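Asker: Protein chains in written order, with the numbering used here: chain U, 1 to 94; chain C, 1001 to 1406.
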Amino acid sequence: MQRWQFLVLKPEDDVATALGDVPAGEAAIRIGEQVERLVLPAPIPLGHKIARHAIARGAVIRKYGAPIGEATADIAAGAHVHVHNLRSRRARRT
Amino acid sequence: MTPTLGGVHIFYNKGLWRIGVAAEFAGFPRPDGSAGARNTVLVLSILGLTGASARRIARQVPGTTLMSLAVGRGQFGEDRALLRRMLVGLGRNANAAAVLLVGADRLRLDAIAEGIADTGKPVETVALDDCHEDNLALSERGVRIAAKLVRDASRIRRQVLPASMLRVGIECGHTDATSGIAANPLAGRVADRLVDAGGAVVFGETMEWLGAEEVLAARAATPEVGRLIVAAVLQREAWAAASGEDLTGNNPGQENIRGGISSIEEKSLGAIAKGGSRPVRGVVSHAAPLPGPGLWVMQGPSFSPPSITGFVAAGSQMTMFTTGAGNSYCDALAPTVKVSANPATVRRLATQIDFDGSGVLEGTRDPEEAADALFAQLLDHASGSATWGEVLDEGEYAFARLGADF
Chain U
1 MQRWQFLVLK PEDDVATALG DVPAGEAAIR IGEQVERLVL PAPIPLGHKI
51 ARHAIARGAV IRKYGAPIGE ATADIAAGAH VHVHNLRSRR ARRT
Chain C
1001 MTPTLGGVHI FYNKGLWRIG VAAEFAGFPR PDGSAGARNT VLVLSILGLT
1051 GASARRIARQ VPGTTLMSLA VGRGQFGEDR ALLRRMLVGL GRNANAAAVL
1101 LVGADRLRLD AIAEGIADTG KPVETVALDD CHEDNLALSE RGVRIAAKLV
1151 RDASRIRRQV LPASMLRVGI ECGHTDATSG IAANPLAGRV ADRLVDAGGA
1201 VVFGETMEWL GAEEVLAARA ATPEVGRLIV AAVLQREAWA AASGEDLTGN
1251 NPGQENIRGG ISSIEEKSLG AIAKGGSRPV RGVVSHAAPL PGPGLWVMQG
1301 PSFSPPSITG FVAAGSQMTM FTTGAGNSYC DALAPTVKVS ANPATVRRLA
1351 TQIDFDGSGV LEGTRDPEEA ADALFAQLLD HASGSATWGE VLDEGEYAFA
1401 RLGADF
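1) Do U:P41 and U:R24 count as a contact pair if the criterion is CB distance below 8 Å?
2) Only counting the same chain, and skipping five residues up and downstream in sequence, which positions put a Cβ closer than 8 Å to that of C:P1293?
3) DSSP on U:M1, reduced to helix/strand/coil?
4) What is the C-beta distance between C:T1322 and C:C1330, in whole angstroms, given that I count them as a contact (C-beta under 8 Å)?
5) Can you tell me which of the three DSSP states U:E26 falls into?
6) Can you pull the chain C residues whose beta carbon is under 8 Å from the beta carbon of U:L38, in chain order?
7) On the DSSP letters alone, give me the boundaries of the beta strand (DSSP E) that C:L1100 sits inside.
8) Should the region 1130 to 1147 of chain C be called in touch with the region 1059 to 1077 of chain C, which here means at least 3 C-beta pairs below 8 Å?
9) Which same chain residues end up closer than 6 Å to C:L1128 when comparing Cβ atoms and leaving out the 5 residues on each side of it in sequence?
10) Got a sec? Which residues, its chain only, sit under 7 Å from C:A1182 by beta carbon, not counting five neighbours each side?
11) How should C:E1208 be labelled, buried or exposed, when 16 other C-beta atoms within 10 angstroms of its C-beta is the threshold for buried?
12) Determine the chain U residues that contact C:I1257 at a beta-carbon separation under 8 Å, and present them in chain order.
13) Hey, C:D1176 and C:A1325 are a contact pair by Cβ (cut 8 Å); roughly how many whole angstroms apart?
14) Could you list the residues in the region 51 to 64 of chain U with a C-beta less than 8 Å from some C-beta on chain C, going in chain order?
15) Between C:E1237, C:L1374, C:D1380, C:A1382, which lies nearest to U:R90 when the distance is taken from Cα to Cα?
16) Would you call the CB atoms of C:V1190 and C:F1375 closer than 8 Å?
17) Does the beta-carbon of C:P1185 have 16 or more other beta-carbons within 10 angstroms, so that it is buried, or is it exposed?
18) Let me see if you follow: with CB-CB separation under 8 Å, is C:S1262 close to chain U or not?
19) Would you mind working out which of C:L1402, C:D1380, C:Y1397, C:A1404 sits nearest C:A1023, comparing C-alpha positions?
20) Hey, quick one: how far does the beta strand (DSSP E) through C:R1281 stretch, first residue to last?
21) What are the residues of the region 1148 to 1165 of chain C that lie near chain U, defined by any Cβ-Cβ distance shorter than 9 Å?
22) Quick one: what's got a C-beta closer than 6 Å to C:I1057's C-beta in the same chain, skipping five residues either side?
23) Considering only their Cβ atoms, is the gap separating C:L1100 from C:I1112 smaller than 8 Å?
24) Please check if any C-beta of chain U sits within less than 8 Å of the C-beta of C:D1393.
25) Could you give the C-beta distance for C:E1390 and C:S1328, rounded to a whole number, given that I count them as a contact under 8 Å?
26) Return the residue from the list C:R1167, C:D1192, C:A1117 that minimises the CA-CA distance to C:A1368.
27) So is the beta-carbon of C:G1036 under 7 Å away from any non-hydrogen atom of the ligand MN?
28) My output table needs one value for C:H1132: the three-state DSSP class, helix, strand or coil.
29) Quick one: what's got a C-beta closer than 6 Å to C:D1152's C-beta in the same chain, skipping five residues either side?
30) Would U:I61 and U:I68 qualify as a contact pair, given that the criterion is a beta-carbon distance under 8 Å?
31) When we look at the beta-carbon of C:W953 and count the other beta-carbons within 10 Å, is it buried (16 or more) or exposed?
32) Using a Cβ cut-off of 8 Å (strictly closer), state whether U:K49 contacts chain C.
33) C:V1123 and C:G1091 - do their beta-carbons sit closer together than 8 Å?
34) Would you report the Cα separation of C:P1252 and C:L1047, rounded to the nearest angstrom?
35) Is the shortest distance between the beta-carbon of C:E1124 and the beta-carbons of chain U less than 8 Å?
36) Between which two residues does the beta strand (DSSP E) holding C:I1116 run?
If you want it as structure tokens, here you go:
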């Protein structure tokens, strides 16, 4: 059994990625050599993301140390981050 | 080429001469100094009219590989130039020991044949013009010629050759979030090993640099190459925006979204890891020959079939293909090595995934050790071991287009 269920790729990232299917409840997140803990309100499937901290609507969301989109709603720490609350900032007709 | 003495490889790395086990494969030597990982006779129909005749030829002569272009009249400009580059490039690929071109008129057949002939490999043509438009006469003539080409090709023997003679196209398909975290970085480590051995690596899918173009441009060998990367991305982005389509749901596609990828930026940042960490030497046009060793990026579509066909027309003898959810697509001419780091995919698709990278995702396997193993397996497949896709005859191809027809 792994000691952590989520991985943060770069320290400045706002999200952590599930390394397996993770049940609701307390989860451990690895960032480099450190481990953070968070409580998940809902189960998260392999490869999906959670917010490491509260993210305000309109804020840029980072993964791999780079922007992957912006929040379309306020997102609580530990909540699932996906197409329902994150949208691409690229290739959009203005 | 670096010196090799009885399987021991002497190379220069990070300021020191080092000795290691040579990166080698057993390939089929070609007259132009290239080497094939396979030794097929390519039956290539250059327009839709002769596709059925070409198919009859390929079916009747084991040892051939069929490719046929569905169009062939009414093209113009960049699109016509691209299709010609594809036909010539596929014919030149070192995995083809010989080529039989099938077409309607002698003039166009000879023009394609001329583009392939300087490789020194046998290039034959059969034309409807020469058969009074009789399609059965065309295929009968083709069968006799293909049979002779296959028999002659069977005399060529594999030789141990340096890995510097390999060109490998790297693709990802049905990506999920495990691809960007584990499978693509693993493919990237193998790309680094091949580039360090003097070989060439290419990856494409311009749309999947979108959002990662600054990261990729920072790896360019020169500032000019960096500018070309960014320009290529901005051009694609403008196309996409002008279409009025929402990229989300298209790229990333539904299977990407199920796998946890939320935006094109996220997909791209994971996708570019598959090229490894060596400098990007240049941006090549779709299906254009790779100008030399090292890492190249190719402008082209993101869908795997035309993307990979572009790499193969550029000279790739092997394809490395990472997947998250699983993807059965394989190239007809360049054997396709499937890599996944998703543990459920590896378990479920035992006759599709050639290399299990799940230990890297789970943290139970050292990424460098896994990359050594995958590189060794890639060289083994290049030396003749069948990939799952070859065993199951999954080989396909697709011609990209740049325009509409007259």
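Backbone N, C-alpha and C fix where the C-beta goes; we use that ideal spot for every residue, glycine too. Treat the numbers as computed from the prediction; the structure is a model and nothing was measured.
Answerer: Answer, in terms of the structure:
1) Going by the sequence as given, residue 24 of chain U is Ala instead of Arg. Result yes, Cβ atoms of U:A24 and U:P41 sit closer than 8 Å.
2) S1164, V1195, G1198, G1199, A1200
3) With a pLDDT of only 46 at U:M1, under 50, the local geometry of the prediction cannot be trusted, and the value read off the model is given with reservation. Three-state result, U:M1: coil.
4) Rounded, the Cβ-Cβ distance is 13 Å, inconsistent with contact.
5) strand
6) Going along chain C, no residue has its Cβ under 8 Å from U:L38, so there is no contact; the nearest lies around 17 Å.
7) 1096 to 1103
8) yes
9) A1104, L1138
10) A1341, G1357, V1360, L1361
11) buried
12) H82, V83
13) 5 Å
14) K63, Y64
15) C:E1237
16) yes
17) buried
18) yes
19) C:D1380
20) 1280 to 1284
21) none
22) V1043, S1139, G1142, V1143, A1146
23) no
24) no
25) About 12 Å separates the two Cβ atoms, so there is no contact after all.
26) Contrary to the premise, residue 1368 of chain C reads as Glu rather than Ala in this sequence. Per the Cα distances, C:D1192.
27) As far as ligands go, the structure on display features none, and thus does not contain the ligand MN.
28) coil
29) none
30) yes
31) Residue 953 of chain C lies beyond the range of chain C shown here (1001 to 1406); nothing can be said about it.
32) yes
33) yes
34) 33 Å
35) no
36) Not the beta strand (DSSP E): C:I1116 falls in the alpha helix (DSSP H), residues 1106 to 1117.
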